[in-house]
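Residue numbering for the sequence shown follows our numbering, beginning at 1 and increasing consecutively. C-beta atoms are modelled at their ideal positions from N, C-alpha and C, and glycine is treated no differently. Input: a single structure, listed below in structure tokens.
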Amino acid sequence: MRSHLLNDATAQSYRRSVTEGVERVAEKLAATRGPFTGVTPADLAPAIDAVDLDRPLGDSSAALDELESVYLRDAVYFHHPRYLAHLNCPVVIPAVLGEAVLSAVNSSLDTWDQSAGGTLIERKLIDWTNGRIGFGPAADGVFTSGGSQSNLQALLLAREEAKTDQVSKLRIFSSECSHFSVQKSAKLLGLGQDAVVSIPVDRDKRMQSVVLAAELAACRAEGLVPMAIVATAGTTDFGSIDPLPEIAALAEEYGAWMHVDAAYGCGLLASRTRRHLLDGIERADSVTVDFHKSFFQPVSSSAILVRDGATLRHATYHADYLNPLRTVAEQIPNQVDKSLQTTRRFDALKLWMTLRVMGADGIGELFDEVCDLAAEGFDLLAADPRYDVVVAPQLSTLVYRYIPAGAASPEEIDRANLHARKALFASGEAVVAGTKVDGRQYLKFTLLNPETTAADIAAVLDLIAGHAEQYLGETLVHA
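Spelled out as structure tokens, the structure:
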């Protein structure tokens with residue numbers, strides 16, 4: 001079995017196996033004609049259930065043959081231009097190259113003696129990102145598994161900086177369109193169900209700063225502690241960006257930690273034409289970025305950034321067997337001192353390779369393309385009498401609803417939209433997302449593929465309308 005260990009003696013075997021795997025994936029990508037096959041859980045489960053994990057195939061070619069039937073054939077392919085559902089991006093080749101390197105070398109980014117150059121590369125990228133945000137020389141941060149972990153760590157720091165033992169009095173303010181991880185983080189931090197105060201949004205789905213001001217004043221009057229304000233720079237449903245300067249001013253007035261969840265909108269940091277949409281982010285105490293959304297990186301590649309690196313001490317623990325306290329005095333850079341994770345992949349390498357090959361402008365141009373496409377898509381929807389579109393996009397998300405020409409109740413329209421989404425997914429021709437707005441069922445395009453065109457959007461809208469009309473027709477016949 002030692003023949004399967006990657007080392008100097010097996011380098012040729014490694015080269016052959018990985019090359020074969022890359023060729024299989026390349027062939028699949030070239031042959032893919034839709035984002036999905038439409039396979040159901042009931043269809044696919046028997047093939048996976050039939051695999052006996054206690055009887056190895058003993059050969060990577062055989063394992064790849066099997067993988068075709070249990071995964072590759074029916075995977076949801078984000079690179080396809082008619083995958084329009086969630087915040088999943090096609091990935092750039094330099095990042096995939098970085099993924100191959102980091103997986104093989106397998107550095108762990110917790111301590112210097114496990115990563116060496118990887119530690120310094122990650123720190124360089126943290127400094128680069130902080131510079132793009134506008135933070136000063138005291139800023140710091142660390143890579144994370146994703147936006148939810150980054151938001152959790154930011155709120156942990158906010159809780160500790162609030163400097164009170166009466167956690168029941170702590171309050172977090174976020175918009176009604178903020179990410180669910182805000183509520184989840186509050187629960188994990190032991191703050192209670194009432195800790196998160198939901199602030200209503202305006203017609204553009206941005207937090208209403210006037211209401212926020214009133215809620216902060218009420219919080220103070222009741223003897224409660226405004227622990228944190230979470231502003232969102234790119235909400236999951238609408239791509240809306242909260243009024244960052246106004247929120248920053250309120251955070252300063254009330255002594256609240258300001259966190260900006262820019263997991264989606266972080267692509268603006270690389271844009272030469274839309275960077276101004278993030279004005280005010282430099283006044284935040286912490287920022288979440290997801291490079292695996294709008295920087296076109298493979299999952300996962302994310303980070304939490306803080307304006308004052310000293311606040312990361314709240315996540316620091318020293319273990320004699322890993323990062324003993326003496327290493328601080330010796331100025332040994334251990335990233336575990338900043339992180340909620342211990343063992344951690346060298347995910348920063350993917351972004352490093354991307355910047356070294358494409359440059360930040362190259363990333364920004366790709367993100368600008370999908371934002372421009374969303375504007376075209378909004379015009380299509382606004383001009384189409386079959387659809388109601390909720391709001392003009394700030395980024396690359398469109399939320400809309402099929403409206404039949406004939407009379408139908410709101411409940412029937414809800415069911416028609418839900419059916420259309422499911423039928424489209426089952427057909428494999430396209431994938432769209434769904435959400436609710438004011439209790440009603442809507443559909444959603446999340447545009448993160450520069451290869452998608454306005455013609456693709458128009459074609460998918462026709463497909464959705466066809467499925468919805470068929471459903472309503474059949475419902476009318478049955479009635």
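Under the three-state reduction of DSSP output, residue 403 falls in the coil class, being neither helix nor strand. Between the segment 173-181 and the segment 234-252 there are three or more C-beta pairs closer than 8 Å, enough to call the two in contact. In this chain, the beta strand (DSSP E) harbouring residue 387 covers 387-389.
Annotated three-state conformation of residue 291 is helix, per DSSP.
Shown here for residue 225: same chain residues with a beta carbon closer than 8 Å to its own, the five before and five after excluded, namely 162, 164, 166, 169, 170, 171, 219 in chain order.
About 11 Å separates the Cβ atoms of residue 334 and residue 342, ruling out a contact at the 8 Å cut-off. Of all alpha-carbon atoms in 394, 40, 114, the one lying nearest the alpha-carbon of residue 321 is that of 114. With a cut-off of 8 Å on Cβ pairs, the segment 398-417 is not in contact with the segment 244-257, counting fewer than three such pairs. With fewer than 16 other Cβ atoms inside 10 Å of its own Cβ, residue 136 counts as exposed. Comparing alpha carbon positions, the residue from 366, 330, 251, 312 closest to residue 112 is 330.
Setting aside the 5 residues that flank it on each side, residue 79 is surrounded in the same chain by 90, each with a C-beta closer than 6 Å to its C-beta; the list follows chain order.
Its Cα nearest to that of residue 441, the residue 414 stands out among 456, 414, 81, 66.
Looking at the backbone, the Cα of residue 315 and that of residue 134 are separated by about 24 Å.
For residue 132, the CB contacts under 7 Å within the same chain, skipping 5 residues up- and downstream, are 269 in chain order. According to the DSSP assignment, residue 441 belongs to the beta strand (DSSP E) that extends over 440-446. If you draw a straight line from the Cα of residue 59 to the Cα of residue 104, it is about 19 Å long. Taking 8 Å as the cut-off, the beta carbon of residue 158 is found no closer than this to the beta carbon of residue 85. Residue 241 holds the alpha-carbon nearest to the alpha-carbon of residue 278 among 13, 43, 310, 241. Taking C-beta separations shorter than 7 Å and ignoring five residues to either side along the sequence, the partners of residue 282 in its chain run 133, 134, 135, following chain order. Shown here for residue 357: same chain residues with a beta carbon closer than 7 Å to its own, the five before and five after excluded, namely 94 in chain order. By the 16-neighbour rule on beta-carbons within 10 angstroms, residue 363 is buried. If you draw a straight line from the Cα of residue 350 to the Cα of residue 297, it comes to about 7 Å.
Distance from the CA of residue 365 to the CA of residue 460, rounded to the nearest whole angstrom, comes to 25 Å. Around the Cβ of residue 7, a 10 Å sphere holds fewer than 16 other Cβ atoms; the residue is exposed. Classified as exposed, residue 359 has fewer than 16 neighbouring CB atoms from the shown chains inside 10 Å of its CB.
Residue 121 sits close to residue 352, with the two beta carbons spaced by under 8 Å.
Taking a contact to require three or more Cβ pairs closer than 8 Å, the segment 406-424 and the segment 465-474 qualify as touching. Annotation: the continuous beta strand (DSSP E) that includes residue 436 extends over 431-437. A distance below 6 Å between beta-carbons, with the five flanking residues on each side excluded, links residue 388 to the following residues of its chain, in chain order: 401, 403. Residue pairing for residue 84: DSSP places it in a beta bridge opposite 432. Here DSSP, grouped into helix, strand and coil, assigns residue 148 to helix. Going by DSSP, residue 410 is part of the alpha helix (DSSP H) stretching over 410-427.
The three-state secondary structure of residue 459, taken from DSSP, is helix.
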